[in-house]
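For the sequence shown, full-length UniProt numbering gives the first residue as 1, with consecutive numbering after it. Below is one structure, written out as structure tokens; the observations come after it.
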Amino acid sequence: MKFFVDTADVAAIAELNDLGMVDGVTTNPSIIAKSGRDILEVTKEICDLVDGPVSAEVVSLKADDMIAEGRKLAKIADNITVKVPLTWDGLKACKVLSSEGTMVNVTLCFSANQALLAAKAGATFISPFIGRLDDINLDGLELIEDIRTIYDNYGFETQILAASIRNANHMSECAKIGADVATAPPAVIKAMANHVLTDNGLAAFMKDIEKANIKIV
Ligand code: E4P
């Protein structure tokens, strides 16, 4: 499963990238607003840092406006992925931009039917939002499973990009289901390293290291 980082924090992306943990980056208007940076400037900086796809989201609602914004975003770098919302206009923009050879990430997906439409419209990625479904007591992981089944049934090449990931458990569950990509905030990716038995085991080893005065260098 590919790891995308869901942030516009360039320092955090660089830290994970140095460890080989970054296969791509996703942003959205809320993430850009939080960064306090200009969208074109920060997106260019991320594209220069990361080899994989970098999602930058359009900010209009009408298909023609999304297409114009998508074309401008696509000029930033070869690894730009234009992110469009899963609306009828977003699907129209997806069809046009993907036909022009631009990677498109269709976002705000909350149902299997929406995912089916995005694949038909030529999306490179579909972004089902796990956490926001869980927030309203629905099952976000079940949606990932349903989309996996549908895409495999018909050989759709659209990649399932599990989004709105809120905890480390979501990451391993997505990997078990067979999501192609999971995008998560840096803190969630780092939390995947945590285990209480690792902490306890290391504390015991450190006691013995001190007691026996074990040294290597
Ligand atoms: C990524 O593409 C999404 O915009 C993001 O994962 C949404 O996450 P949230 O529901 O935690 O805001």
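For glycine and all other residues, C-beta sits at the position ideal for the given N, C-alpha and C.
(request) Identify whether Asp51 lies in helix, strand or coil by the three-state DSSP scheme. (result) Residue numbering aside, residue 51 sits at position 51 when the sequence shown is read from its first letter. The answer is coil: DSSP assigns Asp51 none of H, G, I, E or B.
(message) Rounded to whole angstroms, what is the Cα-Cα separation between Ile177 and Ile13?
(response) Counted from its first residue, the sequence shown places residue 177 at position 177. Counted from its first residue, the sequence shown places residue 13 at position 13. Whole-angstrom Cα-Cα distance: 26 Å.
(request) On a CA-only basis, which of Met1, Lys120, Tyr151 is nearest Asp23? Give me that one, please. (result) As a first step, residue 23 is located in the sequence shown; it is residue number 23 there, counting from the start. Checked all of Met1, Lys120, Tyr151; the closest Cα to Asp23 is Met1.
(request) Whole angstroms is fine: what's the gap from Pro29's alpha carbon to Ile46's? (result) As a working note, residue 29 is residue 29 in the sequence shown. As a working note, residue 46 is residue 46 in the sequence shown. Each residue's Cα considered, the two are about 15 Å apart.
(message) Below 7 Å, is the gap between the Cβ of Ala163 and the nearest heavy atom of the ligand E4P?
(response) For this step, residue 163 is matched to residue 163 along the sequence shown. Under cutoff, so the answer is yes.
(request) Along the alpha helix (DSSP H) that carries Asn169, what are the first and last residues, could you check? (result) Mapped onto the sequence shown, residue 169 falls at position 169. Asn169 -> alpha helix (DSSP H) spans 168 to 177.
(request) Indicate whether Pro128 and Leu143 have their beta-carbon atoms separated by less than 8 Å. (result) Locating residue 128 in the sequence shown gives position 128, where the first residue counts as 1. Locating residue 143 in the sequence shown gives position 143, where the first residue counts as 1. Yes, they are a contact pair.
(message) Can you tell me whether Ala77 is helix, strand or coil according to DSSP?
(response) Along the sequence shown, one-based indexing puts residue 77 at 77. Note: Ala77 maps to coil in three-state DSSP.
(request) Note down the Cα distance separating Val181 from Lys207, rounded to an integer number of angstroms. (result) For the purposes of this step, residue 181 is identified with residue 181 of the sequence shown, where counting begins at 1. For the purposes of this step, residue 207 is identified with residue 207 of the sequence shown, where counting begins at 1. Roughly 40 Å separates the two Cα atoms.
(request) Give a single yes or no on whether Arg166 has its beta carbon closer than 7 Å to a heavy atom of the ligand E4P. (result) Sequence index remark: in the sequence shown, residue 166 carries index 166 (1-based). Yes.
(request) Using only alpha-carbon positions, find the residue among Val5, Arg71, Asn79 that is nearest to Thr19. (result) As a working note, residue 19 is residue 19 in the sequence shown. The sequence as given places Leu at residue 19; Thr does not occur at that position. Nearest of Val5, Arg71, Asn79 to Leu19, Cα basis: Val5.
(request) Indicate the three-state DSSP secondary structure (helix, strand or coil) for Phe3 in the structure shown. (result) Translated into the one-based positions of the sequence shown, residue 3 becomes position 3. Residue state, collapsed to three classes: strand.
(request) Taking 8 Å as the threshold, find out whether the stretch 73 to 85 comes into contact with the stretch 93 to 112 through three or more Cβ pairs. (result) yes
(message) Our contact map puts residue 226 next to Ile126 with C-beta atoms below 8 Å; I'd like the distance itself, whole angstroms only.
(response) The structure shown has nothing for residue 226, since the chain only spans 1 to 217.
(request) Please state if the CB of Asp89 and the CB of Ala121 are separated by a distance shorter than 8 Å. (result) Taking the first residue of the sequence shown as 1, we reach residue 121 at position 121. Taking the first residue of the sequence shown as 1, we reach residue 89 at position 89. No, Cβ-Cβ distance for Ala121 and Asp89 is not below 8 Å.
(request) Figure out for me which residue from Ala112, Tyr154, Phe3, Asp152 has the closest Cα to the Cα of Leu141. (result) Translated into positions along the sequence shown, residue 141 becomes position 141. When only C-alpha atoms are compared, the closest one is Ala112.
(message) If you follow the beta strand (DSSP E) that Leu108 is in, where does it begin and where does it stop?
(response) For this step, residue 108 is matched to residue 108 along the sequence shown. It spans 103 to 109 - the beta strand (DSSP E) in which Leu108 sits, taken as one unbroken run.
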